[in-house]
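Chemist:
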Amino acid sequence: MRRIEIDPVTRIEGHARITLQLGDDGRVRDARFHVDQFRGFEKLAVGRPFHEMPGLMARTCGICPISHLVASAKAGDALLAVAIPEPAIRLRRILHLAQILQSHALSFFYLSAPDLLLGMDADPARRNLVGLYDEEPELVRGGIALRAFGQEIIARMAGKRVHPAWVVPGGVATPIDAETRDFLLAGVPGAIATVEQALASFRMRLVGFEAEIQHFANFPSLFLGLVDTNGELEHYEGRLRVIDPTGARIVEGFDPARYQELIAEADEPDSYLKAPYFRAFGFPDGIYRVGPLARLRLVTRCGTPRADAALEIFRGRDASAGQASFLYHEARLIEMLFALERIEELAGHAELLDPDVRAHAGPNRREGIGVAEAPRGTLIHHYRIDADGLVTAVNLIIATGHNALAMNRGVLQVARHFVDGERLQEGMLNRVEAVIRAFDPCLACSTHALGKMPLAIRLFDAQGRVVDELRRSSR
Amino acid sequence: MTTLWIGLGNSLRRDDGVGARAAEILAAEGLRARAVFQPLPELALEIAAVQRVVFLDADLDDAPGVVRQRRIAPAADPEGGHRLDVPGLLALAARLARRGPEAWIVSIGILDVDAGEGFSTPVAAGFGEFLDCARHLAVTPSASHAARTHHG
Numbered sequence: 443m444r445r446i447e448i449d450p451v452t453r454i455e456g457h458a459r460i461t462l463q464l465g466d467d468g469r470v471r472d473a474r475f476h477v478d479q480f481r482g483f484e485k486l487a488v489g490r491p492f493h494e495m496p497g498l499m500a501r502t503c504g505i506c507p508i509s510h511l512v513a514s515a516k517a518g519d520a521l522l523a524v525a526i527p528e529p530a531i532r533l534r535r536i537l538h539l540a541q542i543l544q545s546h547a548l549s550f551f552y553l554s555a556p557d558l559l560l561g562m563d564a565d566p567a568r569r570n571l572v573g574l575y576d577e578e579p580e581l582v583r584g585g586i587a588l589r590a591f592g593q594e595i596i597a598r599m600a601g602k603r604v605h606p607a608w609v610v611p612g613g614v615a616t617p618i619d620a621e622t623r624d625f626l627l628a629g630v631p632g633a634i635a636t637v638e639q640a641l642a643s644f645r646m647r648l649v650g651f652e653a654e655i656q657h658f659a660n661f662p663s664l665f666l667g668l669v670d671t672n673g674e675l676e677h678y679e680g681r682l683r684v685i686d687p688t689g690a691r692i693v694e695g696f697d698p699a700r701y702q703e704l705i706a707e708a709d710e711p712d713s714y715l716k717a718p719y720f721r722a723f724g725f726p727d728g729i730y731r732v733g734p735l736a737r738l739r740l741v742t743r744c745g746t747p748r749a750d751a752a753l754e755i756f757r758g759r760d761a762s763a764g765q766a767s768f769l770y771h772e773a774r775l776i777e778m779l780f781a782l783e784r785i786e787e788l789a790g791h792a793e794l795l796d797p798d799v800r801a802h803a804g805p806n807r808r809e810g811i812g813v814a815e816a817p818r819g820t821l822i823h824h825y826r827i828d829a830d831g832l833v834t835a836v837n838l839i840i841a842t843g844h845n846a847l848a849m850n851r852g853v854l855q856v857a858r859h860f861v862d863g864e865r866l867q868e869g870m871l872n873r874v875e876a877v878i879r880a881f882d883p884c885l886a887c888s889t890h891a892l893g894k895m896p897l898a899i900r901l902f903d904a905q906g907r908v909v910d911e912l913r914r915s916s917r
Numbered sequence: 049m050t051t052l053w054i055g056l057g058n059s060l061r062r063d064d065g066v067g068a069r070a071a072e073i074l075a076a077e078g079l080r081a082r083a084v085f086q087p088l089p090e091l092a093l094e095i096a097a098v099q100r101v102v103f104l105d106a107d108l109d110d111a112p113g114v115v116r117q118r119r120i121a122p123a124a125d126p127e128g129g130h131r132l133d134v135p136g137l138l139a140l141a142a143r144l145a146r147r148g149p150e151a152w153i154v155s156i157g158i159l160d161v162d163a164g165e166g167f168s169t170p171v172a173a174g175f176g177e178f179l180d181c182a183r184h185l186a187v188t189p190s191a192s193h194a195a196r197t198h199h200g
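Protein sequence lines, in the order shown, are assigned to chains H and S. If you're matching positions, the first sequence starts at 443 in my numbering and goes up one per residue. If you're matching positions, the second sequence starts at 49 in my numbering and goes up one per residue.
Written out as structure tokens, the structure is:
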């Protein structure tokens, strides 16, 4: 049996590799997505004062620190057991949407657009942002400006682009000024024009990606995420909804603080990525997907006009595309539209500059859970503290982890369809990487373990046969 | 001539943060300077808007405390996919601006990149020279510049 290793998987956030096992006929027998890096914030945080957690947890990731900041602060809110001032909630929402914007812009324009707009089989030396600029200069210029806009909103509101600690248990640290509000409002129209241009360009090219739509992690699964009380798109709070492959709601209005009743955690022996599953269906049948595609499949509508118009077109295609993960890209663009429309709406609120943005209190509970929809899906922070407010236990379920089982199945599906071990071509392997890019995994965020880490050691002989194997599982 | 300083590095990895720290000081002096962890595509927009860009960076391969300045050119064939280096960033900026700015890098050899704050002794000793060299590039006409080495 031969083995192909793609190491590293490129144009993703974090470090991972893929192994493909080939049969004697050159066809793919098995494929695995391995995440080799390990972070372990769940252990690092034990013993820290709970009010330090948002700033500490923001350090988990350089791409989506705001989601960690928000989820962590919400867990802190639960420990304080106080009501957060409405102006602070508005500011948190804007900050979080700015991060959705910059993260989705990074995923679409920087990491995936070279494949989507130049083609999966384009010259790898040109299949990058600079090569894309030579073909689509205005789109690239707009995409870069879009990410810069999202990051600048974060910098102006929270003090810096990466790892700010402005969101705190009880609210936010400081109000914002009129200059910052005006900056937000002035930037929205140009940013919307860029996203709509990208959406049109992407849709125009979709006809060339029929095979990818059909085979990129296109299989029945559950979808999970937060929706608001009207069933609309929601990234900051809300209730959990789960739908089955037919779209039927199997969980509705579920309190996210009870997430452990819905979700159980498994581990894979060859990856540090957690593998959560839907508890009622067991492992691995309880496979589900989260993130932009899941959110758009879950909601009744987005709740803003441009995003809803785009959603209508999306749904027409989604219905005929089965359960295609390739459409994560389009879902990301629609969510960018939504984020911009919602930022404009929130920034125009009469009480945006209200100075009362923080409720002060000491800990009033020993356990707190904060949940938000991060760019890549549902993010859960769960803390326990002692009488002195020191953290005694942490559990994190990160968006990318929810998708672990789906990514693995997707890699196998793509590899089986596109890879021919007898006549290997670069474009085949790029597609194996590209199915991972569709999920936009953020591996730095998601490689944490609670308890003993899983481990597998395999001993191969000269012919590549496994002659011995040691396994340690945390289950 | 409009000049932008970009300091690269992680201030929580001791000497690695020397470029970012220098940029913070220059920004506090009122200069157009930005401290970042690493080259990012969105910096190309700012680079494209100036006539000169000066990168401030640590160099693990040089002797600790030794300061060097040199011109750098955009990458002829930038990789620009999984990671972006300074020449690749300049290549992107050159496309955005049609003609990229004059670009320099001021580096200092480093010793210690362990987790923590503060610089090793040789880097702390050379830091003043590193800053002076960076400041000097704001006022000196490019024609008089050559690669220079300072032993801090």
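For glycine and all other residues, C-beta sits at the position ideal for the given N, C-alpha and C.
Compute the distance between the beta-carbons of H/I536 and H/A789, then report whether it is under 8 Å.
Modeler: Yes, these two residues count as a Cβ contact at 8 Å.
Chemist: Confirm, please, whether the CB-CB distance from S/G113 to S/V171 is below 8 Å.
Modeler: Contact flag set, yes.
Chemist: Name the chain H residues whose beta carbon is nearer than 9 Å to that of S/L144?
Modeler: Within 9 Å Cβ-Cβ: Y575, P579, V582, R583, I586.
Chemist: Where does S/A173 fall in DSSP's three states?
Modeler: Three-state DSSP puts S/A173 in a helix.
Chemist: Against chain H, does S/G57 count as a neighbour if the rule is that its beta carbon must be under 8 Å from one of theirs?
Modeler: So, not an interface residue.
Chemist: Once DSSP output is grouped into helix, strand and coil, what is the label at S/C254?
Modeler: The structure shown has nothing for residue 254 of chain S, since chain S only spans 49 to 200.
Chemist: Whole angstroms are fine: how far does the CA of H/A523 sit from the CA of S/W53?
Modeler: Each residue's Cα considered, the two are about 46 Å apart.
Chemist: Give the C-beta separation of H/P606 and H/A500 to the nearest angstrom, bearing in mind that I take them to be a contact with Cβ-Cβ under 8 Å.
Modeler: Yes, H/P606 and H/A500 are in contact; Cβ-Cβ is about 7 Å, under 8 Å.
Chemist: Return the chain-ordered list of same chain residues with a C-beta closer than 7 Å to the C-beta of S/F167, the five sequence neighbours on each side being excluded.
Modeler: So the qualifying residues of the chain are R62, D63, V66, F175.
Chemist: Looking at H/A814 and H/K602, is the spacing between their C-beta atoms short of 8 Å?
Modeler: No, they are not a contact pair.
Chemist: Would you say H/A752 touches the ligand SAM, meaning its beta carbon is less than 7 Å from a heavy atom?
Modeler: The ligand SAM is absent from the structure shown, which contains no ligands of any kind.
Chemist: With H/T820 as the anchor, note down where its beta strand (DSSP E) starts and where it stops.
Modeler: Looking at the DSSP string, the run of the beta strand (DSSP E) that includes H/T820 is 819 to 827.
Chemist: Within 10 Å of its beta-carbon, does H/E654 have 16 or more other beta-carbons around it, so buried, or fewer, so exposed?
Modeler: Label assigned to H/E654: buried.
Chemist: What did DSSP end up calling H/H890 once you bin it into helix, strand or coil?
Modeler: Residue placement at H/H890 cannot be trusted, given a pLDDT of 48 that sits under 50; what the coordinates show is reported in the next sentence. If DSSP states are grouped into helix, strand and coil, H/H890 belongs with coil.
Chemist: Using a Cβ-Cβ distance cut-off of 8 Å, determine whether H/Q593 contacts chain S.
Modeler: Yes, H/Q593 counts as interfacial toward chain S.
Chemist: Whether or not the region 834 to 848 of chain H and the region 856 to 869 of chain H are in contact is what I'm after, with contact meaning three or more pairs of Cβ atoms, one per stretch, closer than 8 Å; do they touch?
Modeler: These segments do not touch.
Chemist: So, at 8 Å on beta carbons, what are the nonlocal neighbours of H/A513 in its own chain, with the 5 sequence-adjacent residues on each side left out?
Modeler: Excluding sequence neighbours, H/A513 sits near M499, G812, V813, A814, A816, L821, I822, H823.
Chemist: Given H/L832, which residues of its chain have a CB within under 8 Å of its CB, disregarding the five upstream and five downstream residues?
Modeler: Result list for H/L832: G489, R490, P491, F492, in chain order.
Chemist: Could you give the residue range of the alpha helix (DSSP H) that holds H/N872?
Modeler: Element bounds for H/N872: 868 to 881.
Chemist: Under three-state DSSP, which class holds S/R122?
Modeler: The sequence given here places Pro at residue 122 of chain S; Arg does not occur at that position. Looking at S/P122 - three-state DSSP - the assignment turns out to be coil, as it is neither helix nor strand.
Chemist: Three or more beta-carbon pairs under 8 Å between the region 566 to 576 of chain H and the region 613 to 626 of chain H, yes or no?
Modeler: Contact fails: fewer than three Cβ-Cβ distances are below 8 Å.
Chemist: For chain H, is any of its Cβ atoms less than 8 Å away from the one on S/L93?
Modeler: Interface residue, yes.
Chemist: If contacts are defined as beta-carbon pairs under 8 Å, then H/R623 and H/L795 qualify, I think. What distance do you get, rounded to the angstrom?
Modeler: H/R623 to H/L795, Cβ: 7 Å. Contact.
Chemist: Starting from S/G136, find everything on chain H with Cβ-Cβ shorter than 8 Å and list it in chain order.
Modeler: What S/G136 touches in chain H: V572.
Chemist: Using a Cβ-Cβ cut-off of 8 Å, state whether S/P87 counts as contacting chain H.
Modeler: Chain H, which has no Cβ nearer than 8 Å to the Cβ of S/P87, makes this no.
Chemist: What are the residues that DSSP puts in a beta bridge with H/P718?
Modeler: Answer is H/E707.
Chemist: Do you know offhand how far H/I526's Cα is from H/D670's?
Modeler: Spanning the two alpha carbons is a distance of roughly 18 Å.
Chemist: Buried or exposed for H/I827, going by 16 or more other Cβ atoms inside 10 Å?
Modeler: Counting Cβ neighbours within 10 Å, H/I827 comes out buried, since at least 16 surround it.
Chemist: In chain order, what residues of the same chain lie with their CB nearer than 6 Å to the CB of H/E710, ignoring the 5 residues before and after it?
Modeler: Excluding sequence neighbours, H/E710 sits near A717.
Chemist: Between the region 495 to 517 of chain H and chain S, which residues of the former have CB atoms less than 8 Å from a CB of the latter, in chain order?
Modeler: Going along the region 495 to 517 of chain H in chain order, one finds G504 with a Cβ nearer than 8 Å to chain S.
Chemist: Beta-carbon within less than 6 Å of H/A540's beta-carbon, same chain only, minus the 5 sequence neighbours each way: which residues are those?
Modeler: The residues are G592, I595, I596.
Chemist: Is the number of C-beta pairs between the region 92 to 108 of chain S and the region 144 to 156 of chain S that are closer than 8 Å three or more?
Modeler: Output reads yes: the region 144 to 156 of chain S touches the region 92 to 108 of chain S.
Chemist: Below 8 Å on the Cβ atoms is my contact criterion, and I expect H/G764 with H/N660 to pass it. Report the Cβ-Cβ distance as a whole number of Å.
Modeler: Indeed they touch by this definition, with Cβ atoms about 5 Å apart.
Chemist: My assumption, with CB atoms under 8 Å, is that S/A145 sits in contact with S/A123. Please give the rounded CB distance.
Modeler: With a Cβ gap of about 15 Å, S/A145 and S/A123 do not count as contacting.
Chemist: For the alpha helix (DSSP H) that contains H/G758, what are its first and last residues?
Modeler: That run of the alpha helix (DSSP H) goes 747 to 762.
Chemist: Along chain H, in chain order, which residues have C-beta atoms closer than 7 Å to that of S/A139?
Modeler: V572, listed in chain order.
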